[in-house]
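Take the sequence shown: its letters are residues 3 to 739, numbered as in this note's numbering.
All C-beta atoms, glycine included, are put in the ideal place defined by N, C-alpha and C.
Owing to the predicted nature of the structure, the values given are computational and were not obtained by experimental measurement.
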Amino acid sequence: MLLGMMNDMHSVIAPLAIIGILKAVWPYILLAFGFSLVIFVHELGHFMAAKWAGVRVERFAIGFGKELVGFTRGETRYSLNFLPLGGYVKMLGQEDFVVDKSGELKVKEDPTSFTSKSIGKRMVIVTAGVVMNLLFAALALTIVAMVGKFEPPSVVGKVLPDSPAGRAGLQTGDRIVAINDKSVESFIGIKARVTLSDTDEVLVLDVIRDGKLVIPRPEIKPEFKEEAKERQLGFTQGMSLRVARPSLFLNDELLPDELQANDKFAYLVVDGDAVEFRGLGPLQRAVSDARGEPVDVIVRRPEDPKSITLEQQLGADDDVKSVEQRVQLRATWSTVPSIAGDRSTQSLLGLVPRLTALVVTLEKSMAVAGVQMGDVIRKVGGQSHPTHSQYKAIIEKNRDQQVKLEVCRPGKSASGLSARIVRFCIQHREALISAARLGVDAAIERTTSLLAESVVPEADRDTLLGKLRECGDVAALRKWFDNVDVHELTVVPKSPFTLIRKTPPPTLDAELVSIDEEHLVVAAVLDRIGDRTSPAKESGIPAGAVILSADGKPVRKWYELSEVFRRNTGKQIPLTYRIGDAVETTTLAVPNSLVASLDIPVGARIFKIGDASSLTLKTDAGESKKVSLPDWRAVAGLLRESIGKTVEVEYVTPDGRRETGQYQVTPAGADPWLLRIHYVPGFYCYPLMEKKPVHNPITALGVGFSRAYEWTMVTVLTLKHLIFTRQVSTEKISGPV
Numbered sequence: 003m004l005l006g007m008m009n010d011m012h013s014v015i016a017p018l019a020i021i022g023i024l025k026a027v028w029p030y031i032l033l034a035f036g037f038s039l040v041i042f043v044h045e046l047g048h049f050m051a052a053k054w055a056g057v058r059v060e061r062f063a064i065g066f067g068k069e070l071v072g073f074t075r076g077e078t079r080y081s082l083n084f085l086p087l088g089g090y091v092k093m094l095g096q097e098d099f100v101v102d103k104s105g106e107l108k109v110k111e112d113p114t115s116f117t118s119k120s121i122g123k124r125m126v127i128v129t130a131g132v133v134m135n136l137l138f139a140a141l142a143l144t145i146v147a148m149v150g151k152f153e154p155p156s157v158v159g160k161v162l163p164d165s166p167a168g169r170a171g172l173q174t175g176d177r178i179v180a181i182n183d184k185s186v187e188s189f190i191g192i193k194a195r196v197t198l199s200d201t202d203e204v205l206v207l208d209v210i211r212d213g214k215l216v217i218p219r220p221e222i223k224p225e226f227k228e229e230a231k232e233r234q235l236g237f238t239q240g241m242s243l244r245v246a247r248p249s250l251f252l253n254d255e256l257l258p259d260e261l262q263a264n265d266k267f268a269y270l271v272v273d274g275d276a277v278e279f280r281g282l283g284p285l286q287r288a289v290s291d292a293r294g295e296p297v298d299v300i301v302r303r304p305e306d307p308k309s310i311t312l313e314q315q316l317g318a319d320d321d322v323k324s325v326e327q328r329v330q331l332r333a334t335w336s337t338v339p340s341i342a343g344d345r346s347t348q349s350l351l352g353l354v355p356r357l358t359a360l361v362v363t364l365e366k367s368m369a370v371a372g373v374q375m376g377d378v379i380r381k382v383g384g385q386s387h388p389t390h391s392q393y394k395a396i397i398e399k400n401r402d403q404q405v406k407l408e409v410c411r412p413g414k415s416a417s418g419l420s421a422r423i424v425r426f427c428i429q430h431r432e433a434l435i436s437a438a439r440l441g442v443d444a445a446i447e448r449t450t451s452l453l454a455e456s457v458v459p460e461a462d463r464d465t466l467l468g469k470l471r472e473c474g475d476v477a478a479l480r481k482w483f484d485n486v487d488v489h490e491l492t493v494v495p496k497s498p499f500t501l502i503r504k505t506p507p508p509t510l511d512a513e514l515v516s517i518d519e520e521h522l523v524v525a526a527v528l529d530r531i532g533d534r535t536s537p538a539k540e541s542g543i544p545a546g547a548v549i550l551s552a553d554g555k556p557v558r559k560w561y562e563l564s565e566v567f568r569r570n571t572g573k574q575i576p577l578t579y580r581i582g583d584a585v586e587t588t589t590l591a592v593p594n595s596l597v598a599s600l601d602i603p604v605g606a607r608i609f610k611i612g613d614a615s616s617l618t619l620k621t622d623a624g625e626s627k628k629v630s631l632p633d634w635r636a637v638a639g640l641l642r643e644s645i646g647k648t649v650e651v652e653y654v655t656p657d658g659r660r661e662t663g664q665y666q667v668t669p670a671g672a673d674p675w676l677l678r679i680h681y682v683p684g685f686y687c688y689p690l691m692e693k694k695p696v697h698n699p700i701t702a703l704g705v706g707f708s709r710a711y712e713w714t715m716v717t718v719l720t721l722k723h724l725i726f727t728r729q730v731s732t733e734k735i736s737g738p739v
C-alpha cells in the first residue's frame, strides 16, 4: 500500500517538476528564439543582396560552433549551429587569399567573388542586413498595429507638485497629443521624447482636457533627476478608474464608507445628484477644489475583491459583479519648497510639517528596517521631528551603524491596540489630553462619552479604557496618547556599491516629503522665506509644537490650518499650540496673497502679469534661467518687480474660462505662498491601458514604418545622450545585449 502511495505521489510530482523546469527555462528559450529570428532576418538580407549581385555564397549559418543540422543546396551550405547568439553569410572572396610569386597577398580573382564586384554592389551587400532588419521591424509593427495591443496612452496620471509638469499646470487626466507639433500616442512615446530631448530644449505640449485644447499651450523644460538618472517632466502614466491603493496611509480596518482597494469610481455626487464621469480628470479637480474637505463619490465595489483578475484591474475586462457604495474622498494637503530642490523648505508660512515616506526603495536599508509607505518620521537617532536635511545628515553620518527610528502609523494596530482604537485616539487626541489636565478620571469620562458616539466595537472600548486606567497621572496619560501610534525600528544606512570611486555616503533609500495627514505637529520653523523673515518665525512658535486652534477655531489637520490662513490674508490672527504639557497662544501675521485677493480657483493657470509671461532668474551657481508662467517662481519674480504697483493678472480657470483681475503688490504680498500649496488625491489607481487596432492595412503599414523610424531615432539619440550629454544613465539601458 505504501509503495502504491509513493507511486501515486511520483505520478503527481514528476509532471509538476517538469512544469517547474519549463517555467524556469522558458524565458531563455524565448531569448534564443528571438536572437535567432533577428539574426536570420539580418543574414537573409546579406544573402539576398549577394545573390542579386551575383556573388557566390558558400555558407548561410545561424549561430556559431558545431553544426547541429544542415543541408546543401546548390553552391550553399545552410547550417543551424550550437550557439544561437550570432550568425554569418560566408561569401567567396571575403577571406580567400593566395600568395603570388613575389610573396605578396592578393585577392583570388573570380568573377563570382565578393571583391570582384563594384563598390556600389558591395555597399548594397554590406548594408542589406540592417535594411532588412528595419523592414522586418516595420512589417512586425504593422502586424502589431492591425492586431492591436494594450499599452499606456499619452494620458497624465499623478502630477508631482514640485515638478516641471506641476509648475506648468498639467492635471490628472490630461491627454498629451503632440510635443513640439509632433504627434504622440503613448506614454512610452512621451517618455522617449522627454528623455531624449536636448538639454536646453523647451517642450511645447498640445494637451486635451475635457475634450478641449488647453490654451495657452503648456511650455515645459524637462529636469534631470539625479536619483532617477534621467530627464523627467514629473508625472506618472495615466490611471484607470479602479483603485489599487486607497490612501497614502494604509489602514488595517476600513469602514464601508471609506475607499477600498479594487473599488471602481462610477459617479461624483454633486448637489445630491450622481454625475457619471469616464476619466479621473473631473474627479481629481472636484477633490482638489474641496481643499481637504470630504467629497462624496459612488463606487462599484466588487462582491469578491480578491477574485479580481489583472485584466479587470487594468480595465480590459469589466465583467465584475459589484455593488454600489457611497464613499468620501479627501485630498492630501502638501506644499512645494520655497527654495527649489531644498525639501527642508516645504512649509506653510514657515511652519514645516513632519516627514512622510512617500516611496520606499525595495530591498534597501529603510525597507529592510521595516519602513512602509505612509510612515511619518517622528525621530531618527536623537533628533525629534527631523527635517529633510537633518534626516539626510544623520543617515550620511552613520554608515553601517544601527540608527534608532521612530515612525507613526495612523491606520495601523500598535501596542496591543487595534487599528480602530489607534485611529480613534488620533482623531480625539488633543480633546482627551485637554480633558486629562483635569485628572485621569476626567479623561476616562471624556473618552467614554466619545466612544459611545463612535463605531468602535465593545471589546476595543474596554481595552482602551483599561490602558487609560493604567496611567498613574496626567503626564503619563499625555505621554501615552502622544505615543499611541508610534512604532520603533532600526535602520542601518548603506552606501551604494561602487568599484572605481571613493565610497559615497549612504543614501536615504526613500522619498521623504513634508506631508503629515493626521498630526498637526511643527517639525521646524523656517527663519526666512525669500528675502523676508517668515511669519512663523516672527510669531515665535517653537519646533515640536502641536497647533490646537487658529483664529479661535479648533484645527486638527494641516489643510484646516491652511484654510484659516487663506480666509485671513492680510490679518493678524491668534494661534494656540501645545508644547509638551504647556499650552501657549501667540499671534501670526498672515500675508496678503494674489490667489486669495483675486479668488483664483485651485488648478487655474496664471499666464500673464502686466505685460510679461516669463522672466530670467539667477541660480545659486550664478547662471541665468528663464522661468515661464504659471510656474510660481515666475509669479513671485514678476510680483517682486512690481512692488508698489497695481498689476493686471490674466489666468485661465480649470474649465477653460479666461479671467482678469487687478492686484496691488505690497512687499509682504509679493510672495504667492498659496500657489505653493497643493491638494492631491491620496489614492492610486491601476495603470490605464488602451488597445487601438488599425484595421486598414495601408494605414497600418504607415504606422509600422513610422514606429520603426521612431525607435531607430530613439536608439541614435540614446547613444548621443549616453556618450556626450550624459543625460541618460547606463542604468536605463536594458536588454540582453
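query                                                                                                       : result
Residues near Tyr686 in its chain [Cβ-Cβ closer than 6 angstroms; skip 5 each side]                         : Ala246 and Arg247
Alpha-carbon to alpha-carbon, Val405 and Glu455                                                             : 42 angstroms
Opening and closing residue of the beta strand (DSSP E) in which Met241 lies                                : Met241 to Arg247
Arg169 burial status per 10 Å Cβ neighbour count (16 or more: buried)                                       : buried
Helix, strand or coil at Gly413 according to DSSP, with G and I counted as helix                            : coil
Where the beta strand (DSSP E) through Glu490 begins and ends                                               : Val488 to Val493
Pairwise C-alpha distance: Val325 and Arg302                                                                : 5 angstroms
Proximity to Leu357 [Cα-Cα], best of Asp212, Lys92 and Val523                                               : Val523
Nearest-angstrom beta carbon gap, Gly384 and Tyr681 [assumed within contact, 8 angstroms]                   : Tyr681 to Gly384, Cβ: 35 angstroms. No contact.
Pairwise C-alpha distance: Ser115 and Ala194                                                                : 44 angstroms
Per DSSP, cross-strand counterpart(s) of Asn83                                                              : Glu69
Contiguous alpha helix (DSSP H) assignments of at least 4 residues, all confined to the segment 374-416     : 390-399
Distance between beta carbons of Pro507 and Arg401, contact taken as under 8 angstroms                      : 7 angstroms
Burial state of Ala477 (16 or more Cβ within 10 Å)                                                          : exposed
Residue from Arg439, Leu467, Tyr561 and Thr492 with nearest C-alpha to Asp475                               : Arg439
Among Ile581, Arg287 and Val696, nearest to Arg480 - alpha-carbon criterion                                 : Ile581
Proximity below 8 angstroms, CB of Pro304 to CB of Asn253                                                   : no
Run of the alpha helix (DSSP H) containing Trp675, from where it starts to where it stops                   : Counting along the chain, Trp675 falls outside any alpha helix (DSSP H), and DSSP gives it neither H nor E.
Length of the line joining the Cα atoms of Lys399 and Arg558                                                : 35 angstroms
Status (buried if at least 16 other CB within 10 Å, exposed otherwise) for Ile700                           : exposed
Alpha helix (DSSP H) runs contained entirely in the segment 149-204, provided each spans 4 or more residues : 166-170 and 189-197
Residues that Met368 bridges to, as DSSP identifies them                                                    : In DSSP, Met368 forms no bridge with anything.
Distance CB(Asn683)-CB(Val289) smaller than 8 angstroms                                                     : Looking at the sequence shown, residue 683 is not Asn but Pro. Yes, they are a contact pair.
Sufficient close CB pairs (3 or more, under 8 angstroms) joining the segment 135-150 to the segment 40-48   : yes
The alpha helix (DSSP H) enclosing Val361, as first and last residue numbers                                : Careful: Val361 lies outside any alpha helix (DSSP H), inside the beta strand (DSSP E) at Thr358 to Val362.
Range covered by the alpha helix (DSSP H) that runs through Lys628                                          : Premise fails: Lys628 lies in the beta strand (DSSP E), Ser626 to Ser630, not in any alpha helix (DSSP H).
Buried versus exposed call for Glu692 [16 or more other C-beta atoms within 10 Å across all chains shown]   : buried
Distance CB(Leu528)-CB(Ser541) smaller than 8 angstroms                                                     : no
Thr78, DSSP secondary structure in three states                                                             : strand
Sequence-distant residues of its chain with Cβ nearer than 7 angstroms to Ala598 (five each side left out)  : Arg568, Thr571 and Leu676
Where the alpha helix (DSSP H) through Cys687 begins and ends                                               : No alpha helix (DSSP H) contains Cys687, which is instead part of the beta strand (DSSP E) from Tyr686 to Pro689.
Assigned exposure category for Ala512 - 16 Cβ within 10 Å defines buried                                    : buried
Which residues DSSP lists as bridging Glu742, in chain order                                                : For the chain, the structure presents residues 3 to 739; residue 742 sits outside this window and is missing.
Closest by C-alpha distance to Glu594, when choosing among Ala371, Lys414, Ile645 and Lys308                : Reading off the sequence shown, one finds Asn at residue 594, where the question assumed Glu. Answer by Cα proximity: Ile645.
At least 3 beta-carbon pairs within less than 8 angstroms: the segment 170-187 vs the segment 206-220       : yes
Where the beta strand (DSSP E) containing Lys620 begins and where it ends                                   : Ser616 to Lys620
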